[in-house]
Amino acid sequence: MSSCCSVEKVPEEKKEGLKVVALAGNPNVGKTTIFNALTGLRQHVGNWPGVTVEKKEGIMKYRDKEFLVVDLPGTYSLTANSVDELIARNFILNGNADVIVNVVDASCLMRNLFLTMEIFEMGVKNIVIALNKIDIARKRGVHIDIKKMEKVLGVPVVPTNAKEGEGLEELKRTIASMAEGRITTNPVTPVYEELIEREIEHISSLLRGTPLEEMYNIRWLAIKLLTRDQEVIKLVLDYLGSGKMDEILKHISELEVYYKRSLDIVIANQKYEFIDQLMHQFVTHFGEAKETFSDQIDKFLTHPVYGLLGLLGVFYVLFKFVFTIGAPLQELLDSAFIALGEFVAPFISNEALRGLIVDGIIGGVGSVLSFFPLVFLLFVAMSILEDSGYMARAAVVMEGIMRKFGLPGKSFIPMVLAFGCNVPAIMATRTLDDERDRILTMLINPLVPCSARMVVITFLAGAFFSDHKALVAVGIYAISLFLALLSALILGKFVVKGEESPFIIELPEYSSPSLKVALVHSWERSKEFLRKAGTVILFGSVAIWYLSNYPEPIGNGLSYAEKLGKVFEPFTVLMGLDWKAAVSLIFGIIAKENVVATYGIIYGIGENEEALISLMQNAMTPLQAFVLALVTTLYIPCIATIGAIRAEGGNKWAFVASIYNLLLASVVGIVVYNVGLLLGL
Amino acid sequence: MGKLDDVLELIKNGARSPKEIAERLNLTVEEVEGIIKILESLGYVEKVKMGSSCSSCPLKKICPGSCVVFKGSIYELKKDDHRST
Chain A
1 MSSCCSVEKV PEEKKEGLKV VALAGNPNVG KTTIFNALTG LRQHVGNWPG VTVEKKEGIM
61 KYRDKEFLVV DLPGTYSLTA NSVDELIARN FILNGNADVI VNVVDASCLM RNLFLTMEIF
121 EMGVKNIVIA LNKIDIARKR GVHIDIKKME KVLGVPVVPT NAKEGEGLEE LKRTIASMAE
181 GRITTNPVTP VYEELIEREI EHISSLLRGT PLEEMYNIRW LAIKLLTRDQ EVIKLVLDYL
241 GSGKMDEILK HISELEVYYK RSLDIVIANQ KYEFIDQLMH QFVTHFGEAK ETFSDQIDKF
301 LTHPVYGLLG LLGVFYVLFK FVFTIGAPLQ ELLDSAFIAL GEFVAPFISN EALRGLIVDG
361 IIGGVGSVLS FFPLVFLLFV AMSILEDSGY MARAAVVMEG IMRKFGLPGK SFIPMVLAFG
421 CNVPAIMATR TLDDERDRIL TMLINPLVPC SARMVVITFL AGAFFSDHKA LVAVGIYAIS
481 LFLALLSALI LGKFVVKGEE SPFIIELPEY SSPSLKVALV HSWERSKEFL RKAGTVILFG
541 SVAIWYLSNY PEPIGNGLSY AEKLGKVFEP FTVLMGLDWK AAVSLIFGII AKENVVATYG
601 IIYGIGENEE ALISLMQNAM TPLQAFVLAL VTTLYIPCIA TIGAIRAEGG NKWAFVASIY
661 NLLLASVVGI VVYNVGLLLG L
Chain B
682 MGKLDDVLEL IKNGARSPKE IAERLNLTVE EVEGIIKILE SLGYVEKVKM GSSCSSCPLK
742 KICPGSCVVF KGSIYELKKD DHRST
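Chains as they are written, first to last, in my numbering: chain A, 1 to 681; chain B, 682 to 766.
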């Protein structure tokens with residue numbers, strides 16, 4: 001037998017004389033709840049033969065009889081486009097079930113009855129409809145006349161509210177009666193336009209008299225052939241031969257030319273219209289459809305203008321929250337590292353070793369680790385926004401803007417991910433099928449500030465703009481995102497050209513975020529920050545310490561760090577940054593947090609953030625600090641991100657991304673610094 | 682042209698949310714979402730599997746998930762729709 005019917009029949013020994021009841025329905029209609037209610041704890045979970053799709057079976061008891069209940073995979077139709085659909089379809093088609101319970105969501109009747117009609121078309125008679133979520137339908141102002149529905153559909157309909165256990169006894173009773181053959185049904189089947197019906201009849205006439213007639217419903221086979229169902233084509237080919245099959249396919253092609261599209265969508269449309277007409281006979285709507293709470297808020301939050309203002313406002317509050325609660329904790333942690341350095345120093349007599357451990361390791365790593373509270377709180381705030389459903393709205397606002405800048409709209413997913421870390425964000429570009437979309441998104445992704453760059457931004461904003469630190473931080477984020485969009489426009493026009501692929505976004509309902517979940521998620525995410533501090537930043541700190549102290553300690557121009565910095569200083573000075581900034585930026589390529597750590601080590605005050613801020617305030621103006629924060633955000637991505645781009649796009653695009661970001665950061669740095677000077681900042 | 686065609690056409694023409702389509706076709710959002718599910722089962726749109734990027738990420742073992750999660754669903758129009766004539 002062909003693969004069309006390859007799902008094994010329920011083995012007789014397993015049935016042990018039990019009648020088999022199959023539950024079919026759309027996903028999330030309460031099928032599993034009904035399955036659990038019918039079978040209680042008498043369940044067995046395994047896999048369908050040959051596939052990794054879960055198969056649930058259980059025993060239902062009704063009065064003195066037992067029934068084997070099989071939970072079929074949830075599907076929206078019975079085409080051959082997915083394994084789930086094939087399993088459900090073949091199980092029904094093979095006549096495995098003595099009774100089929102079609103679980104239908106009363107609150108989304110149209111969509112659910114589409115599957116019902118597909119089952120009816122298979123010629124199935126032993127079917128009962130469990131009309132679930134009837135309570136939700138009522139709340140939405142939908143009244144369903146059950147008696148009329150039964151009459152129109154030609155099968156028994158049992159209203160249920162599975163969550164509350166309502167209607168389940170009646171359902172069991174109906175199943176038992178049907179299994180015993182005490183219920184007669186006459187399922188209605190869709191009627192199509194004359195041209196389609198004529199072709200169904202033509203194909204049916206070719207199939208009549210073949211062994212297929214005894215195994216399957218001929219009309220169903222004909223309809224599936226019209227939709228070019230590959231499984232059915234293979235099956236029928238075995239019995240009809242290629243000559244007749246070619247004739248059928250020729251007719252199908254002619255109809256497709258007439259309808260100017262493929263027949264599966266034509267038939268699906270006509271089936272949908274048929275259901276619509278049926279529903280008018282038993283469904284009435286009362287009252288005006290009320291706007292939900294989500295709808296009302298979404299009017300503002302997804303609006304192109306108000307939504308953007310809302311987004312900026314939310315991020316401002318987010319940074320206010322992070323700074324207000326995080327800053328005292330950061331100071332506390334900073335003091336702890338100072339105390340640790342002071343405690344350890346007297347125990348190490350060797351000056352070089354003391355310098356390495358106190359200034360290099362404790363100082364370098366400590367200066368970054370002291371930002372842990374800020375990073376943790378940022379993740380807490382982000383988790384709350386995600387859980388509440390707001391981030392999806394923010395993404396929609398961003399998507400609308402991104403589209404205007406020629407960026408593939410779907411690339412907002414990697415863009416949102418990048419706020420956490422650019423590496424998984426680059427990996428997420430795999431969700432974009434189009435090569436042009438993928439490359440373009442990869443190139444601009446490093447311009448979205450990740451949590452590592454947040455450390456630098458919050459440090460410099462806090463040190464130089466104490467009264468407006470949240471505003472400055474949001475400002476740098478906004479400039480970076482604007483430049484990402486501008487870059488998309490430029491790169492999309494001149495470097496990576498192509499067409500955008502259409503898509504649609506379904507927003508989740510708003511929900512109350514759980515603080516416990518947010519804390520757990522944030523801890524999971526923050527652990528990466530700690531791990532990084534113990535590896536990449538530790539390595540960077542030791543390297544910076546060495547370069548700053550050899551061959552001579554920093555200060556007289558002989559250290560490797562000064563020499564390295566001086567090479568680049570003639571360039572960085574154009575944006576108001578000295579050799580120390582140049583060295584910091586070089587080490588920032590290893591990990592962006594190193595920009596802060598490098599300053600601590602160069603100044604030789606290690607973990608003492610207060611002293612570091614004081615020294616930096618003497619050496620830099622707020623304008624220079626702003627430029628440094630901006631350049632750190634925009635210039636060459638960190639090594640891990642470059643590696644990710646290389647892995648996903650190849651050497652060429654890793655090189656292009658690095659050079660483009662460097663050029664962009666340089667131009668922006670020079671422009672902002674010089675404009676700032678002209679404005680007297 | 683039926684409702685399924687109308688929804689498909691609007692997605693092709695740049696409509697971005699079921700709500701936008703519902704307003705333009707004078708349908709409920711629930712009905713549009715239902716139509717999208719039917720179109721998905723027919724193979725005309727495809728749900729973007731966002732989880733797959735993390736599961737296939739080479740940094741999976743060392744990254745506890747510092748990326749930001751998107752809770753919505755995205756359906757992409759299948760480009761290689763061989764059935765279009």
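Glycine included, every Cβ here is placed at the ideal spot set by N, Cα and C.
Note that this is a predicted model, so its numbers are computed, not measured.
Which value, in whole angstroms, describes the spacing of the CA atoms of residue i and residue j?
i              : j              : result
C4 (chain A)   : L226 (chain A) : Any reading at C4 (chain A) must be qualified, since the residue scores a pLDDT of 49, below 50, and its modelled position is unreliable; no value is offered.
V155 (chain A) : L113 (chain A) : 13 Å
K683 (chain A) : V416 (chain A) : Nothing in the structure corresponds to residue 683 (chain A), since chain A is present only between 1 and 681.
L628 (chain A) : E386 (chain A) : 31 Å
D105 (chain A) : D64 (chain A)  : 30 Å
L72 (chain A)  : A381 (chain A) : 40 Å
S512 (chain A) : I297 (chain A) : 14 Å
G181 (chain A) : I144 (chain A) : 27 Å
M402 (chain A) : A488 (chain A) : 8 Å
L249 (chain A) : G313 (chain A) : 59 Å
T39 (chain A)  : I59 (chain A)  : 5 Å
L695 (chain A) : V595 (chain A) : In the structure displayed, chain A extends from 1 to 681; residue 695 (chain A) sits before or after that span and is not available.
A484 (chain A) : I275 (chain A) : 48 Å
What are the start and end residues of the alpha helix (DSSP H) that includes residue i?
i              : result
K693 (chain B) : 684 to 693
V517 (chain A) : 515 to 534
D105 (chain A) : Looking at the DSSP string, D105 (chain A) is not in any alpha helix (DSSP H); the run it does join, the beta strand (DSSP E), is 99 to 105.
I702 (chain B) : 699 to 706
A327 (chain A) : 306 to 344
Y687 (chain A) : Absent from the structure is residue 687 (chain A), since the part of chain A shown begins at 1 and ends at 681.
Y390 (chain A) : 390 to 404
T32 (chain A)  : 31 to 39
M442 (chain A) : 435 to 444
L278 (chain A) : 263 to 279
N594 (chain A) : 594 to 602
V567 (chain A) : 560 to 572
E118 (chain A) : 109 to 121
A696 (chain B) : That residue, A696 (chain B), is in no alpha helix (DSSP H); it is neither H nor E in DSSP.
V365 (chain A) : 364 to 369
I719 (chain B) : 710 to 722
E57 (chain A)  : Not the alpha helix (DSSP H): E57 (chain A) falls in the beta strand (DSSP E), residues 54 to 62.
Flag residue i as yes if its beta-carbon sits less than 8 Å from any beta-carbon of chain A, otherwise no.
i              : result
L685 (chain B) : yes
R697 (chain B) : yes
S754 (chain B) : yes
E721 (chain B) : yes
I714 (chain B) : Residue identity check: residue 714 (chain B) is Glu in the sequence provided, not Ile. Interface residue, yes.
L706 (chain B) : no
E690 (chain B) : no
P739 (chain B) : Because P739 (chain B) carries a pLDDT of 47, less than 50, the predicted location of this residue cannot be relied on, and the following value inherits that uncertainty. For P739 (chain B), the answer is yes, since a Cβ of chain A falls inside 8 Å of its Cβ.
Verify the CB distance criterion: does residue i have a CB-CB separation below 8 Å to chain B?
i              : result
T79 (chain A)  : yes
D264 (chain A) : yes
T160 (chain A) : no
N269 (chain A) : yes
T39 (chain A)  : no
I129 (chain A) : no
Y306 (chain A) : no
C638 (chain A) : no
By the DSSP assignment, the beta strand (DSSP E) with residue i in it spans what residues?
i              : result
E506 (chain A) : 503 to 506
D693 (chain A) : With chain A covering 1 to 681 only, the question about residue 693 (chain A) has no answer from this structure.
N422 (chain A) : That residue, N422 (chain A), is in no beta strand (DSSP E); its alpha helix (DSSP H) goes 422 to 427.
S754 (chain B) : 754 to 758
H303 (chain A) : Neither: H303 (chain A) is in no beta strand (DSSP E) and is coded neither H nor E.
Q43 (chain A)  : 43 to 47
Less than 8 Å between the CB atoms is what I'm expecting for residue i and residue j, so what's the real figure, rounded?
i              : j              : result
V124 (chain A) : I92 (chain A)  : 6 Å
T688 (chain B) : V713 (chain B) : Looking at the sequence itself, residue 688 (chain B) is Val, so the reference to Thr does not match. Right, their Cβ atoms sit about 6 Å apart.
F626 (chain A) : V472 (chain A) : 7 Å
Identify the contact partners of residue i in chain E, using a Cβ-Cβ distance below 8 Å as the criterion.
i             : result
Y76 (chain A) : Judged by its chain identifiers, the structure shown contains no chain E, and its protein chains are A and B.
Enumerated in chain order, which unbroken segments of the alpha helix (DSSP H) with a length of 4 residues or greater are wholly contained in the stretch 461 to 499 of chain A?
469 to 494
Which complete alpha helix (DSSP H) runs does the stretch 625 to 673 of chain A hold, if anything under 4 residues is left out?
639 to 649
List in chain order: all unbroken alpha helix (DSSP H) runs of 4+ residues lying wholly within the stretch 160 to 238 of chain A.
168 to 179, 194 to 207, 212 to 215, 218 to 226
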